[in-house]
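Protein chains in written order, with this note's numbering: chain A, 1 to 144; chain B, 145 to 538.
Glycine included, every Cβ here is placed at the ideal spot set by N, Cα and C.
Small disclaimer: the values here were computed from a predicted structure and weren't measured.
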Amino acid sequence: MSDWSKVTRPIPVPNEWTKPFWDAAKRGVLALQRCQTCKHFQHPPYATCVSCMATDLAFEPVSGKGAIYAYTIMYHAGDKRFASAIPYASIIVELDDAPGALLAANLLEAPYTDAKVGRRVEVMFEPLNDDFTLPQFRLARDAK
Amino acid sequence: MWEHRCKVAVSGVGFSKVTRSAEVPLAAHALEAVKGAVEDSGLAMADIDGLATYPELPATGHAVVDGVTIVSVNCMMTMLKLPNLSWHVQVETVNIGGAVQQAVNALLAGVCKYAVVWRAMHNPKGTYQNLPGTYAQGATQFTAPYGFGGPGQGMAVAYTRWLEKHGQSREKMATLAVTQRRHSHMNPHAYFCGQPLTREDYLSSRMVAYPFCLYDCDIPVQGAVAVVLTTADRARGLRPRPAYIAGYGQRLAFEVAGRIGSLSSYMEGGRSSSRLTWERSGFSPKDVDVAQIYDGFSASVIYGLESYGFCKEGEALDFIQDGRMELDGELPLNTFGGSLGTGRIHGLWHIIEGALQASGRAGERQVKDVNVSFVGASAPIVQGTTFIFVKEPY
Numbered sequence: 001m002s003d004w005s006k007v008t009r010p011i012p013v014p015n016e017w018t019k020p021f022w023d024a025a026k027r028g029v030l031a032l033q034r035c036q037t038c039k040h041f042q043h044p045p046y047a048t049c050v051s052c053m054a055t056d057l058a059f060e061p062v063s064g065k066g067a068i069y070a071y072t073i074m075y076h077a078g079d080k081r082f083a084s085a086i087p088y089a090s091i092i093v094e095l096d097d098a099p100g101a102l103l104a105a106n107l108l109e110a111p112y113t114d115a116k117v118g119r120r121v122e123v124m125f126e127p128l129n130d131d132f133t134l135p136q137f138r139l140a141r142d143a144k
Numbered sequence: 145m146w147e148h149r150c151k152v153a154v155s156g157v158g159f160s161k162v163t164r165s166a167e168v169p170l171a172a173h174a175l176e177a178v179k180g181a182v183e184d185s186g187l188a189m190a191d192i193d194g195l196a197t198y199p200e201l202p203a204t205g206h207a208v209v210d211g212v213t214i215v216s217v218n219c220m221m222t223m224l225k226l227p228n229l230s231w232h233v234q235v236e237t238v239n240i241g242g243a244v245q246q247a248v249n250a251l252l253a254g255v256c257k258y259a260v261v262w263r264a265m266h267n268p269k270g271t272y273q274n275l276p277g278t279y280a281q282g283a284t285q286f287t288a289p290y291g292f293g294g295p296g297q298g299m300a301v302a303y304t305r306w307l308e309k310h311g312q313s314r315e316k317m318a319t320l321a322v323t324q325r326r327h328s329h330m331n332p333h334a335y336f337c338g339q340p341l342t343r344e345d346y347l348s349s350r351m352v353a354y355p356f357c358l359y360d361c362d363i364p365v366q367g368a369v370a371v372v373l374t375t376a377d378r379a380r381g382l383r384p385r386p387a388y389i390a391g392y393g394q395r396l397a398f399e400v401a402g403r404i405g406s407l408s409s410y411m412e413g414g415r416s417s418s419r420l421t422w423e424r425s426g427f428s429p430k431d432v433d434v435a436q437i438y439d440g441f442s443a444s445v446i447y448g449l450e451s452y453g454f455c456k457e458g459e460a461l462d463f464i465q466d467g468r469m470e471l472d473g474e475l476p477l478n479t480f481g482g483s484l485g486t487g488r489i490h491g492l493w494h495i496i497e498g499a500l501q502a503s504g505r506a507g508e509r510q511v512k513d514v515n516v517s518f519v520g521a522s523a524p525i526v527q528g529t530t531f532i533f534v535k536e537p538y
């Protein structure tokens, strides 16, 4: 299991288009940007709906259940502050509610060798400081 | 088919010394490569009237200093003081392949006669990637907090997707690394020329970002390469046999910044670019005699082979086995060693090799009976330009 205790993660700097995502995460809610015209979810947030070009976008809560779309195991600390966690799994999650929206995360509470494409995961929340909470993922508890 | 096929050609090519990291200012490398290309053409420097480059510094977190860490068009103008200069451009979204394509367009438009395109790559001493500090701004706010740093990880996640979706094994990539290294031994300009690499070296090497081990990643170097392009009729009057440009394409899809790992986006980038090149040239993958496919990370070759149509999706790692990518194989691939063999100079070296193979000038590594020479000059989704060079205009 990767040791995250000594890792100082970069703090996200929201802008006005991404702030609702981080505000929701702080409340323990995973909310993604959704097109109010065609109902397409997208992540990361964008200026327009990349599906239908509409500009009426809003953040809506999603269930936080999904599957590992892709992953990598980091053995080389590109960012030195992550050196103490090596090797660790950085994963890309595709949510059941939001096909096509891809979220980066780490696989927590499991050995990094458990990261496999297609494995079921669920969201959890990791506070970074008083202002920011990171959505993260662990293996789904209801998966076999 | 494209009405302008074979109306522009690559003539001379030039190379600088390639060193592991910066020993002299980058401008000295660029100048050496440009002088070499002009001399190879048999031209005088004063004949050059067009300049194009893509100067981006891929090492993040380092100061951009013109002449030291990049070599811009302005820097080249200052150095060369060309008396007949009539056109120049510095491209952004289409990478170095796009600079070559813009030079083709300028030559077709008649706004210059002899254009030089160069790519100069800096490798700072010390750490290559100085990743975001305490704060993750912009698109990195969704990736850097999770330890996603350099481009390697973005490529690596798509590769696990590919491997597990298709039930493939990364060990098969040893064939690519070992064969390209062997090809680089026939390229005196390559960084790894003369340094052997065995299958065992590959399989036992340290992991960087699984599934990428050390030998799946090109080594950062300091160096430059350059080409002279001119119209076909002028090229025929110069010293080297011309390599005619039969068609080119660029990727017509792009990924939302900060969205990483999407294998389908890689494939769409490659498909859209190569479709233009196949349609313009009138050729198809089965007509290709030799191919250079960008390999900054090894998996780019896999996405390239599949999205350009050389094999079916999920089959590229099998396609490169059994000698198929050797110089005498069915599709000789990255015959100059690729970036894995030359060091990280980006795609202009792939373009140069494509041209050399088409004009029969590749020396010891020349593939027999080449007419159609294909180039995928960068990772399909990143800036995926594609080209076909031919020996015989048609």
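Against G294 (chain B), the close residues of chain A are G78, in the order they occur along the chain (beta-carbon pairs closer than 8 Å). Exposure of E536 (chain B) is indicated by the presence of fewer than 16 other C-beta atoms within 10 angstroms of its C-beta. Note on geometry: alpha-carbon atoms of K80 (chain A) and C150 (chain B) lie some 50 Å from one another.
A check of alpha carbon separations from T287 (chain B) across A:P10, A:M1 and A:E109 identifies A:P10 as the nearest.
With respect to chain A, the C-beta atom of K269 (chain B) has no partner C-beta closer than 8 Å. Ranked by how close their Cα comes to the Cα of Y258 (chain B), the residues B:E474, B:V154 and B:H490 have B:V154 in first place. If you look at C35 (chain A), you'll find it isn't in any alpha helix (DSSP H); it sits in the beta strand (DSSP E) that goes A31 to C35. A302, Y303, T304, R305, W306, L307, E308 and K309: these are the residues of the stretch 302 to 313 of chain B whose beta carbon lies less than 9 Å from some beta carbon of chain A, given in chain order. At a cut-off of 8 Å, the C-beta of F82 (chain A) has a neighbouring C-beta in chain B. M330 (chain B) and G338 (chain B) have their C-alpha atoms spaced approximately 9 Å apart. R120 (chain A) and F531 (chain B) have their C-alpha atoms roughly 42 Å apart. Contact of M74 (chain A) with chain B is assigned, a C-beta pair being separated by under 8 Å. Within the same chain, Cβ atoms closer than 7 Å to the Cβ of Y335 (chain B) are found at V162, I363, V365, T486 and G487, the five residues on either side in sequence being excluded.
Between the C-alpha atoms of G158 (chain B) and G467 (chain B) there is a straight-line separation of about 30 Å. Among the residues facing chain A, A300 (chain B) is included, as its CB has a counterpart in that chain under 8 Å away. The beta strand (DSSP E) runs of length 3 or more contained entirely in the stretch 82 to 123 of chain A are, from start to end of the chain, 88 to 95 and 102 to 106. Contact between G481 (chain B) and R325 (chain B) holds, since their C-beta atoms are separated by about 7 Å, short of 8 Å. Nearest C-alpha to A77 (chain A) among B:L307, B:S409, B:Q273 and B:Y359: B:Q273.
The beta-carbon of V117 (chain A) is placed less than 8 Å from the nearest beta-carbon of chain B.
Within 7 Å of the CB of Y290 (chain B), the CB atoms of chain A belong to S90, A104, A105 and N106, in sequence order along the chain.
If you draw a straight line from the Cα of L103 (chain A) to the Cα of I92 (chain A), it comes to about 5 Å. The criterion of a C-beta distance shorter than 8 Å is not satisfied by E94 (chain A) and R138 (chain A). Sequence-distant Cβ neighbours of A280 (chain B) in its own chain, meaning closer than 7 Å and more than five residues away, are A288 and P289. Put simply, the CB of G205 (chain B) is far from chain A, with every gap to its CB atoms at 8 Å or more.
Collapsing the DSSP output to three states places L201 (chain B) in coil. Contact between V369 (chain B) and A177 (chain B) is confirmed by a C-beta separation of about 5 Å, below the 8 Å threshold. With respect to Y112 (chain A), A89 (chain A) sits close: the two C-beta atoms are nearer than 8 Å. Judged by DSSP secondary structure, Y392 (chain B) falls outside any alpha helix (DSSP H) and instead within the beta strand (DSSP E) spanning A387 to G393. By the 16-neighbour rule on beta-carbons within 10 angstroms, D193 (chain B) is buried. Cβ-Cβ distances below 7 Å link A207 (chain B) to T213 in the same chain, with the five nearest sequence neighbours on each side left out; the list follows chain order. Taking 8 Å as the CB threshold, G254 (chain B) stays off the interface with chain A. Within chain B, not a single residue places a beta-carbon under 7 Å from that of T48 (chain A); the smallest gap is close to 10 Å. Listed along chain A, the residues sitting closer than 9 Å to I404 (chain B) by beta-carbon distance are A70, I92, L102 and A104. Separation of C357 (chain B) and E474 (chain B) (C-alpha to C-alpha, rounded to the nearest whole angstrom) is 27 Å. In the three-state reduction of the DSSP assignment, K161 (chain B) falls in the coil class, being assigned neither a helical nor a strand state. Proximity of chain A to A321 (chain B) at the Cβ level (cut-off 9 Å) is not reached, the minimal Cβ distance being about 17 Å.
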